[in-house]
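Number of protein chains: 2
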Amino acid sequence: MRPETHPPCKNCTCISTPFRFLNQDELAYINQNRLEIKFKKGENLCKQGTPASHVIYLRSGLIKIISEENRGNLVLSIETSGYFLGLQVLFKPQKLPFSAVASEDTLACLWDMNAFAELIKRNASFAAGMMKQINDDINRSYQRIATLGLKHVHGRLSDLLLSLSVHVYKSTKFTTSLARKDMAEITNMSPESLSRVLKDMKDEKLLKVNGKSFELIDIKALKKME
Amino acid sequence: MRPETHPPCKNCTCISTPFRFLNQDELAYINQNRLEIKFKKGENLCKQGTPASHVIYLRSGLIKIISEENRGNLVLSIETSGYFLGLQVLFKPQKLPFSAVASEDTLACLWDMNAFAELIKRNASFAAGMMKQINDDINRSYQRIATLGLKHVHGRLSDLLLSLSVHVYKSTKFTTSLARKDMAEITNMSPESLSRVLKDMKDEKLLKVNGKSFELIDIKALKKME
DNA sequence: TTTATTAATTGATCTGTATCATAATATTAC
DNA sequence: GTAATATTATGATACAGATCAATTAATAAA
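Those protein sequence lines, which keep their order, are chains W and Y. Its first residue numbered 1, the first sequence is counted upward by one per residue in the numbering used here. Its first residue numbered 227, the second sequence is counted upward by one per residue in the numbering used here.
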């Protein structure tokens with residue numbers, strides 16, 4: 001990862017986020033504690049077990065948040081531009097309970113976590129805005145618990161494809177940087193199962209696949225998959 | 227559920243929570259918007275699909291937060307006294323994405339959610355304190371994703387027993403109100419599997435069981451279960 | 001108490017998905 | 001271009017855990 005030249009926070013696109021509640025002084029303060037970093041595909045944005053040092057705003061790219069356990073790793077969520085990574089551990093001084101890894105090249109802003117926490121304690125509107133962000137997280141994480149706990153491989157893959165379509169690539173037709181192995185990891189199934197399920201879906205004309213290019217055809221049926 | 231007589235917030239035990247950051251006026255304000263309710267075992271504290279109306283503080287008892295899906299219900303978490311239910315949907319005006327059901331008789335304080343949100347937007351320390359509560363939630367929910375996704379039945383039951391021991395009953399020896407069926411639901415396995423796994427654990431002398439009374443013997447081994 | 005009802009256990013079988021093995025395809029190196 | 005390597009797909013088998021069926025134990029009712 002390497003530093004970049006960058007516009008100050010007050011001119012940044014992320015101003016559309018809870019940052020809009022900050023005044024000029026506060027923006028200047030947080031900008032002083034900011035780094036802009038490019039993470040290459042495969043690089044860690046943060047590492048489980050280390051202390052949290054920054055709140056990381058994703059300007060572009062794709063990351064996975066993973067839990068590293070004895071039995072293996074499990075993808076907790078995938079996130080793309082507009083995401084604030086690290087809010088989950090604000091005011092929790094322990095070691096990070098998760099890692100984050102770039103699934104494709106990712107451009108990010110890093111703010112010192114203490115400075116960030118300071119702003120939250122000074123500006124309640126900013127705090128409320130960030131709380132909303134965290135609540136998006138927790139609700140998606142609840143959704144993921146339900147998906148992993150209740151749905152079979154077909155339903156889990158449907159969920160991923162719909163999520164990529166709606167939240168990441170914003171089109172029913174998209175080309176992903178994710179390998180089959182990555183998709184298998186995210187859906188918590190073996191790559192072999194992923195191949196088979198994808199074949200089933202092609203056969204049932206729910207979608208078209210060509211390598212890493214996907215086109216979702218029967219969205220309604222995909223949503224109903226269990 | 228029925229109303230109860232109660233001391234005002236300023237004299238309440240929950241004053242040890244982020245409520246300590248509230249001044250007398252703020253405490254009076256939130257107390258005006260408070261109800262104290264007893265939920266009987268089996269009753270809903272809130273229902274998925276309805277609008278969120280209150281933040282609910284658990285003073286005693288045990289509840290489960292569940293996601294109700296086509297395929298069935300899945301337990302997202304179990305919570306006991308000291309828990310704030312509903313923070314997850316603060317500033318998110320949509321319908322509740324989960325239900326909460328009392329697993330045993332539960333005594334709770336309900337605050338009007340709008341009044342609660344108002345306080346957060348006025349008092350940043352209170353906001354930060356509540357953010358910490360939410361972050362406890364999200365981290366436990368990450369943990370649950372990992373458990374459900376990676377561990378087999380033995381590991382999942384170990385996790386439940388350890389969690390009951392540490393967080394709920396605060397002893398290695400406890401008598402639970404949960405039926406086997408409840409425990410099976412929480413660990414996302416069939417009641418038959420639960421019986422078998424429990425038998426295995428007894429045979430391996432990891433714990434003692436007598437009806438609903440448990441004594442955890444080999445904690446270290448239980449923690450290692452996968 | 002005895003009976004009725006529900007909850008928990010145990011056994012037999014079935015099923016979804018992982019794993020292992022192999023083949024086909026795509027990508028990279030030369 | 002061809003060879004080497006990595007990725008993806010397909011087939012055969014194995015296994016964890018669900019489901020179905022039957023039994024036993026516990027609780028509630030008479």
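Where is the CB? At the ideal position from N, CA and C, for every residue including glycine.
Own chain residues within Cβ distance below 6 Å of W/Tyr83, not counting five before or after:
Leu58
Taking Y/Ser293 as the query, report the chain W residues whose CB atoms sit under 9 Å from its CB, ordered along the chain.
Tyr142, Gln143, Ile145, Ala146, Gly149 and Leu150
To the nearest whole angstrom, what separates the beta carbons of Y/Gly375 and W/Asn188, a pair I think is in contact under 8 Å?
5 Å
Step through the CB atoms of chain W and report whether any lies within less than 8 Å of the CB of Y/Asp444.
no
My guess is that Y/Glu289 and Y/Thr332 are in contact by the Cβ rule of under 8 Å, so how many angstroms apart are they, rounded?
Reading the sequence as shown, one finds Ile at residue 289 of chain Y and not Glu. Contact flag correct, Cβ pair sits at about 6 Å.
Would a C-beta distance cut-off of 8 Å place Y/Leu248 and Y/Asn340 closer than the cut-off?
no
Helix, strand or coil for W/Met1, going by three-state DSSP, please let me know.
Legend: pLDDT at W/Met1 = 42, less than 50; position of this residue unreliable, value from coordinates given subsequently. W/Met1 falls in the coil class under three-state DSSP.
Could you say which of Y/Lys266, Y/Ser325, Y/Gly312 and Y/Ala278 lies nearest to Y/Ile292 if we only look at CA atoms?
Y/Ser325
With a threshold of 8 Å between beta-carbons, can Y/Met227 be considered close to chain W, or not?
In this predicted model, Y/Met227 has a pLDDT of only 42, less than 50, meaning its place in the structure is not dependable enough to derive any value.
Distance cutoff 8 Å, beta carbons only. Does Y/Met451 sit that close to anything in chain W?
no
Name, please, each residue of chain Y whose Cβ falls closer than 9 Å to the Cβ of W/Phe84.
Ordered by position in chain Y, no residue passes the 9 Å Cβ test against W/Phe84, which lies about 12 Å from the chain.
Cross-strand partners of W/Gly72 (DSSP beta bridge)
W/Glu69
Option nearest W/Asn73 by Cα separation, candidates W/Glu26, W/Met201, W/Pro8 and W/Asp182:
W/Asp182
Quick one, which of Y/Asp338, Y/Met357, Y/Ser389 and Y/Ile256 has its alpha-carbon nearest Y/Ser303's?
Y/Ser389
Among the candidates Y/Gln258, Y/Asp251, Y/Glu252 and Y/Ala353, whose CA atom is the shortest distance from the CA of Y/Asp338?
Y/Gln258
Using a Cβ-Cβ distance under 8 Å, would Y/Lys318 count as near chain W?
yes
Against W/Ser125, what residues of chain Y qualify as contacts under a CB-to-CB distance less than 8 Å, listed in chain order?
Lys347
Residues sharing a beta bridge with Y/Asn340, DSSP
BP columns for Y/Asn340 are empty, so no partner.
Is there a C-beta anywhere in chain Y that falls below 8 Å from the one on W/Ala128?
yes
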